[in-house]
Every structure is written in structure tokens, then in C-alpha cells.
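*Asks:*
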Amino acid sequence: MLGLLTTATEQISKMKSLDPIAKQVSSWVSKATSPAAVKNALSGTWLDHPLHPMATDVPIGAWTMATTLDVCGGESTQTAAQHLVGIGVLTSLPAAASGASDWSDTIGKNRRIGLVHAVGNSVGTTMQVASWCARRSGRHRLGVGLSFLGLGATMGATYLGGHLSFARGVNVNHTAFEAPVRKWTDVAAADDVTEGQLVRVNANKTPVMLTRHKGQLRALSATCVHAGGALDEGHIDKDCVVCPLHQSTFRLSDGKPVRGPATMEQPTWDVQTMDGRIQVKSAA
273 MLGLLTTATE QISKMKSLDP IAKQVSSWVS KATSPAAVKN ALSGTWLDHP LHPMATDVPI
333 GAWTMATTLD VCGGESTQTA AQHLVGIGVL TSLPAAASGA SDWSDTIGKN RRIGLVHAVG
393 NSVGTTMQVA SWCARRSGRH RLGVGLSFLG LGATMGATYL GGHLSFARGV NVNHTAFEAP
453 VRKWTDVAAA DDVTEGQLVR VNANKTPVML TRHKGQLRAL SATCVHAGGA LDEGHIDKDC
513 VVCPLHQSTF RLSDGKPVRG PATMEQPTWD VQTMDGRIQV KSAA
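For the sequence shown, the positions run 273 to 556 when our numbering is used.
Here it is in C-alpha cells:
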């Protein structure tokens, strides 16, 4: 069974016929979520944690509990099951919005898988809406059947979502496995880093971005936590650095994200000059 799911997912990732509609829908979503306040809210920047995986637990949990009551309960649990279906429908809205925002930052295979993931979730939610309407009108058995179908579609979509995160690394911390550098390490000549310039160096094997801002040297990990973009290819905006991939924006002083889609802090580095050379080490 797992082999079939893996094969199906791989086939979806190769379906270039999905690209035109995926590109168009992604463009619409990107425009809708371009304001910083909207992007931050849907990404989870304000939580210091991605919002989508948290938001999906509520509707999936509600629909699963409704189905459990349908199977194990009796007539006395029918009203509770109907309420749970309704709760799942309502809470699926922020889950869908946050997922769409995350998906709009993907490309290629990830975008194709994400599109089918979204379609599966849409089918599942539509089934649950129909189930709620059937239950409300007294057609309980029809409502139960629709909930089963809806939950099945949602579970299939959930598999694809998990594949995106855990197999393809979408929206995970791309600096999570950087080895810390505990000792001061020589990386560049002090004269090589001028005001406002972004310079990429290596501390042992870890890429580091150096800049001089308002006369003070700053250092952050060069790999963006969100999607692995090269921060040294971005630009300075006020007291922040902007990633060139998706415009995630981090404070130079402490790596705090001030604009999504990034939700986690960019690792900072201690920096000093010694005999005309710049030295760095991982921040304590």
C-alpha cells in the first residue's frame, strides 16, 4: 500500500500538464497574500512557527471524531457528530488559507504535488459541507456516508502534505543541521566588507553572510531558514536583510523575521576583527 502511495506521489510530481493552472492559481494567491500583514498572519511569522500544520489539526480532528461517533455511537451522538462536522468545515478555512499561502512559494514538483494536495482537501471539505447539510435535514445515513468519503479524500491529501514536508523539505528549517562553530574562525579581511555590501564566507563548512551596517559588522547564516535561499544575494532594507527568493525579511541584529514566509529566526553569528581580519563564531 505504501509503495502504491509513493509511486502515485512520484507520478503526480512529474505531471507537467498541471503547470499552467498551478502557475495561474499561484499567481493569484501570491498577489492576495503579498501585503506583509497578510503574509505574516498566514505564514505564522507572529507565532515563530508555521501556522498551516497547526491549523490543519482542528478540522481533521473534528471530522475524525465525527466519524468515530458515527461508527461507535448511537442515535444519542448524532447531534454531536453533526456539530463536529460543522466545526471542521469552519476551521478548514484558516487551514486552507495558510496552506495556499505556503504553496504559492513553491515551484516545480513541489507545486504540482501541492496543487493535488489542495484539490484533495477541497473535495474532502465539500463532502463534509454536504454531510452537514444532509445531517441537518434529517438524512443522517447520507451524512455519514458523505463524511466517510470526505475523510478519505482528506487523508489522501494529508499524505501528500506530509510528503511535501518530510520527503521534500518544504517549509522546514533549512539551517537545522548546520554544525555550530564554537571557536573564533577567520573568514575574511576587514576591508573586504564595506558598508551595505553582502558578502558570503565560510566558517569551517557553514556559509555565513557578512555585512557592515551603520558601521557595525553583522553576521547571519547565509542559508535562509525558509527555503534555503542565499541571503548574500538579497539586499538590505533599513535594519534588515531581505531574502531574494520569497522576500523573507530578517533583522540584522538578532535574525528575527519581520516579514514572512519565514517563521523562524535566522541564526546569528558573533563577529569581531583581529589584526585586520574578520572572525566569526556561532552566537551563544
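By construction, the Cβ of each residue, glycine as well, lies at the ideal position given by its N, Cα and C atoms.
DSSP state of C405, grouped into three classes?
*Replies:* Correct three-state label for C405: helix.
*Asks:* Note down the Cα distance separating P307 from H321, rounded to an integer number of angstroms.
*Replies:* Taking the straight line from one Cα to the other gives about 19 Å.
*Asks:* Does DSSP classify A429 as helix, strand or coil?
*Replies:* A429 falls in the helix class under three-state DSSP.
*Asks:* Figure out for me which residue from G468, I284, A491, Q354 has the closest Cα to the Cα of P479.
*Replies:* Looking at the Cα atoms, A491 is the closest of the given residues.
*Asks:* Tell me which residue opens and which closes the alpha helix (DSSP H) that H435 is part of.
*Replies:* From DSSP, H435 is part of no alpha helix (DSSP H); its letter is neither H nor E.
*Asks:* Are there three or more Cβ pairs, one per stretch, closer than 8 Å when the segment 418 to 425 is compared with the segment 396 to 404?
*Replies:* Yes, the segment 418 to 425 touches the segment 396 to 404.
*Asks:* In whole angstroms, what is the alpha-carbon distance linking G527 and K510?
*Replies:* Rounded to whole angstroms, G527 to K510 spans 14 Å at the Cα level.
*Asks:* With DSSP as the reference, identify every bridge partner of D239, one or two as the case may be.
*Replies:* The structure shown has nothing for residue 239, since the chain only spans 273 to 556.
*Asks:* What is the DSSP secondary structure of Q538, counted as helix, strand or coil?
*Replies:* Here Q538 sits in coil by DSSP.
*Asks:* Once you ignore the five residues that flank A461 on each side, which residues in its own chain have a CB closer than 8 Å to its CB?
*Replies:* Hits under 8 Å: G548, R549, I550.
*Asks:* Within a Cβ cutoff of 8 Å, which residues of the same chain sit near D463, ignoring the five residues on either side of it in sequence?
*Replies:* Only G548 meet the Cβ criterion.
*Asks:* Is it buried or exposed for V497, if we count other Cβ within 10 angstroms and need 16 for buried?
*Replies:* By the neighbour-count rule (16 or more Cβ atoms within 10 Å), V497 is buried.
*Asks:* Should the segment 470 to 484 be regarded as contacting the segment 506 to 526, the criterion being three or more beta carbon pairs within less than 8 Å?
*Replies:* A contact exists between the segment 470 to 484 and the segment 506 to 526.
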